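Undergrad: For reference, the structure I am asking about is given below.
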Amino acid sequence: MKNSEIVKILEDIADLLELKGENVFKTRAYQKAARSIEFLGEDVEKLVKEERLREIPGVGEAIAKKLTELINTGHLAYYDRLRAEFPDGIGTLLEVPGIGPRTAFVIAKELKVTTLEELERAIEDGRVAELPRMGEKTAQNILQQIKAYRKKKSEQRIPLGSALPAADALLGALQGVPGLKNLTPAGSLRRFRDTIGDIDIVGTADDPEEVIQAFIRLPQVREVLEKGSTKASAIIFNGLQTDFRLLDHDSFGSALQYSTGSKQHNIDLRKRAERLGLSLSEYGITEVAAGKMEKFASEEAFYRRQGLDYIPPEIREGQREIELAEKGLLPRLIQLSDIKGDLHIHSSWSDGQEPIEELAIAARERGYEYIAITDHSVGLGIARGLNEERLRQQIKEIEDINRRLTGIHIFTGLEVDIKANGTLDMPDAVLAGLDVVLGAVHSSMGQNEDQMTRRIIQAIENPHVDIIAHPTCRILGEREAVAVNIEAVFAAARAHNKALEISAMPTRLDLKDTHIFRARELGVKLVINTDAHQRAQLDFMRFGIGTARRGWCEAKDVLNALPLEKVGEFWLK
DNA sequence: GCCGTTTTCGGCCCGACTGTTTTCAGTCG
Numbered sequence: 034m035k036n037s038e039i040v041k042i043l044e045d046i047a048d049l050l051e052l053k054g055e056n057v058f059k060t061r062a063y064q065k066a067a068r069s070i071e072f073l074g075e076d077v078e079k080l081v082k083e084e085r086l087r088e089i090p091g092v093g094e095a096i097a098k099k100l101t102e103l104i105n106t107g108h109l110a111y112y113d114r115l116r117a118e119f120p121d122g123i124g125t126l127l128e129v130p131g132i133g134p135r136t137a138f139v140i141a142k143e144l145k146v147t148t149l150e151e152l153e154r155a156i157e158d159g160r161v162a163e164l165p166r167m168g169e170k171t172a173q174n175i176l177q178q179i180k181a182y183r184k185k186k187s188e189q190r191i192p193l194g195s196a197l198p199a200a201d202a203l204l205g206a207l208q209g210v211p212g213l214k215n216l217t218p219a220g221s222l223r224r225f226r227d228t229i230g231d232i233d234i235v236g237t238a239d240d241p242e243e244v245i246q247a248f249i250r251l252p253q254v255r256e257v258l259e260k261g262s263t264k265a266s267a268i269i270f271n272g273l274q275t276d277f278r279l280l281d282h283d284s285f286g287s288a289l290q291y292s293t294g295s296k297q298h299n300i301d302l303r304k305r306a307e308r309l310g311l312s313l314s315e316y317g318i319t320e321v322a323a324g325k326m327e328k329f330a331s332e333e334a335f336y337r338r339q340g341l342d343y344i345p346p347e348i349r350e351g352q353r354e355i356e357l358a359e360k361g362l363l364p365r366l367i368q369l370s371d372i373k374g375d376l377h378i379h380s381s382w383s384d385g386q387e388p389i390e391e392l393a394i395a396a397r398e399r400g401y402e403y404i405a406i407t408d409h410s411v412g413l414g415i416a417r418g419l420n421e422e423r424l425r426q427q428i429k430e431i432e433d434i435n436r437r438l439t440g441i442h443i444f445t446g447l448e449v450d451i452k453a454n455g456t457l458d459m460p461d462a463v464l465a466g467l468d469v470v471l472g473a474v475h476s477s478m479g480q481n482e483d484q485m486t487r488r489i490i491q492a493i494e495n496p497h498v499d500i501i502a503h504p505t506c507r508i509l510g511e512r513e514a515v516a517v518n519i520e521a522v523f524a525a526a527r528a529h530n531k532a533l534e535i536s537a538m539p540t541r542l543d544l545k546d547t548h549i550f551r552a553r554e555l556g557v558k559l560v561i562n563t564d565a566h567q568r569a570q571l572d573f574m575r576f577g578i579g580t581a582r583r584g585w586c587e588a589k590d591v592l593n594a595l596p597l598e599k600v601g602e603f604w605l606k
């Protein structure tokens, strides 16, 4: 059983317990266990066999026993019993924003309503408004939320690369509002999660209420969901929900920290603070005994007051970051300035848009020491892939450019297609003449896990392949990752000393954060490439850096953080 | 249900907004 299936079951249990009105801390325990497993580098199945379940944070005696039953029998009696207590479909009520466990339970119990369609009818004929603590206004709000939910369901979370420009547009529109300062995207956007559910923006203001008014009047705002004196939520032009929060200037440090999350990180932080006699909020830190609040202009100062090193936003996910910050043992995460080159770039020789020399100059402008030109192989006809003859011509052109261009070195290369049977789309003798060879899957993506795993490992075993590009082939919001035993791929890459790519292309971000974390743990070499098809796309690098940081990557883990003199040793080995 | 530099039992993050209430429950992040 896959970890993701286990996570789903634990989350379901938490939902059902909520519906029952169980102790909220019990439901939270299941949620916490689910989240731990979601971020786990290893298979739960393996941990069951080795009797190491209790090492998972948030898994105690009871949940460990349930997981063991689930893995060994494929079923969980407790889960089945729980489900039997509620009509099927009541879970969908819970998914509507504004309907929590209390409301869902009352609606299902009193009105015998369990689907969105039935709920809509019950609202329209006035039955919902008559329930205790409900009213006509609440009922109508729920009706609105159902509509929004249906719409959102079809749009889902959107890729980071689409959300960031939308946030930039809002920030731009708010520039120049009098008395507004420190305007910053926060939330999952600032943590560089691969997809974004809503945009969080935080700022500080002389008069927050006035700025809130300015915000809800922006042309980019389509619909205002709620609005108070320090906070507003709205649906913006692209359908994304945006939460905007304002505080006093001198609370910016705590406000930004609070708004950045993650939720679990903040909970962990506040629990720890409580043990120190401190109470944290977006306004600052209160010494509980003295009842005195201190404010912080920067996040650094906010963390320091708690005896913690600064924790970068990308790793604020409720893992071990607080414990390590306390001991001064956080890694020094890789940053953009560590990157010395880009080893996956397409030119106009295949489906790129610009000639090699222009790409090289653009890379030099970004401070790089080298790039690799890695156009497609012939098998990708649609991308004007190169055959042997054109590849030879291209190599000659690169040699010419290298002779006359200073300050940047161009490596020859190829993004060679890994065919369905695992062989490569170019003879070994030709690959041997190249500096960098990327192997990549572009076809037959529906293969089963065994076939796909063997296919990729066969490419890793080819002595001329240096890097596997976008290893799981996912396209965010469009195409799921291929079925592949990623642990086996990591093991092969480690054994043959091959690098796995972190594709910085914002629609890919592949490997993803949790894979990166695991690969790095196993000592697999990583490389952050943009897969740029035009100059401007060299700037995608920041998405790759953010993703690598989420996987706790340091410069030493990353091939293209090596200077020109060193990087070539990797493929000459 | 989990967990432990004051605890193996008694706690479990903190505050904004809304709508329904006569002081607060429910929901969200």
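Per our numbering, numbering through the first sequence is continuous, rising by one, with the last residue being 606.
Where is the CB? At the ideal position from N, CA and C, for every residue including glycine.
As the structure is a prediction and not an experimental result, all values here were calculated from the model.
#1: Quick test of your reading: A393 and I344, contact by CB under 8 Å. State the CB separation rounded to the nearest angstrom.
#2: Grab me the residues of E511's own chain with a C-beta within less than 8 Å of its C-beta, minus the 5 sequence neighbours each way, in chain order.
#3: Might you give, ordered along the chain, the residues of its own chain that have their beta carbon closer than 6 Å to the beta carbon of T293, omitting 5 neighbours on each side?
#4: Taking the continuous alpha helix (DSSP H) assigned at D546, which residues delimit it?
#5: Identify the continuous beta strand (DSSP E) that holds F119 and give its terminal residues.
#6: Would you list the one or two residues that DSSP bridges to L392?
#7: Quick check on DSSP: helix, strand or coil for P192?
#8: Using a 10 Å radius around the Cβ and a threshold of 16 neighbouring Cβ atoms, would you call S287 buried or exposed?
#9: Checking 7 Å against the spacing of the C-beta atoms, do D458 and D450 come in under that value?
#10: Taking the straight line between their C-alpha atoms, what separation do you get for T321 and F285?
#11: Output needed for A196: all residues of its chain with C-beta closer than 7 Å, excluding positions within five of it in sequence on either side, in chain order.
#12: So, for G361: in the same chain, excluding its five sequence neighbours on each side, which residues have a beta-carbon less than 8 Å away from its beta-carbon?
#13: As a quick exercise: from P596, L542, A172, N271, pick the residue whose alpha carbon is nearest that of A5.
#14: Select from I234, R166, A247, G351 the residue whose C-alpha is nearest the C-alpha of V139.
#15: Considering F277, what are the terminal residues of the beta strand (DSSP E) in which it resides?
#16: If you draw a straight line from the alpha carbon of D590 to that of V470, how long is it in whole angstroms?
#17: In chain order, what residues of the same chain lie with their CB nearer than 7 Å to the CB of G340, ignoring the 5 residues before and after it?
#18: Residues in the same chain with beta-carbon distance under 7 Å from P596, minus the five sequence neighbours each way, listed in chain order, please.
#19: Considering Cα atoms alone, identify which of R507, A514, D499, D546 is closest to A526.
#20: Start and end of the alpha helix (DSSP H) containing N435?
#21: Out of I245, F270, Q352, V146, which one is the CA nearest neighbour of D201?
#22: Buried or exposed for R114, going by 16 or more other Cβ atoms inside 10 Å?
#23: If you run the structure through DSSP and keep just helix, strand and coil, what is G414?
#24: Can you check whether the CB of L369 is closer than 7 Å to the CB of R632?
#25: Consult DSSP for M326 and reduce its assignment to one of helix, strand or coil.
#26: With which residues is S312 paired in a DSSP beta bridge?
#27: Take K82 as the anchor and find which of L309, G124, T101 has the nearest alpha-carbon.
#28: Does the Cβ-Cβ distance between E554 and G74 come in under 7 Å?
#29: Could you spell out where the alpha helix (DSSP H) holding F603 opens and where it closes?
TA: To lay it out plainly:
#1: No, A393 and I344 are not in contact; Cβ-Cβ is about 38 Å, not under 8 Å.
#2: T540
#3: A219, R223, P346
#4: In the DSSP assignment, D546 falls within the alpha helix (DSSP H) that extends over 546-554.
#5: Where F119 is concerned, there is no enclosing beta strand (DSSP E), given that its DSSP letter is neither H nor E.
#6: Answer is none; L392 lacks a bridge partner.
#7: strand
#8: buried
#9: yes
#10: The question names Thr, but residue 321 in the sequence shown is Val. The alpha-carbon atoms of V321 and F285 are separated by roughly 21 Å.
#11: L222, I229, I232, L273
#12: D342
#13: Limits of the chain in this structure are 34 at one end and 606 at the other, which puts residue 5 out of reach.
#14: R166
#15: 274-280
#16: 19 Å
#17: E359.
#18: K373, E402
#19: D499
#20: 421-437
#21: F270
#22: It counts as exposed.
#23: helix
#24: With the chain represented from 34 up to 606, any question about residue 632 goes unanswered, as that position is not in the structure.
#25: Here M326 sits in strand by DSSP.
#26: T319
#27: T101
#28: yes
#29: 597-605
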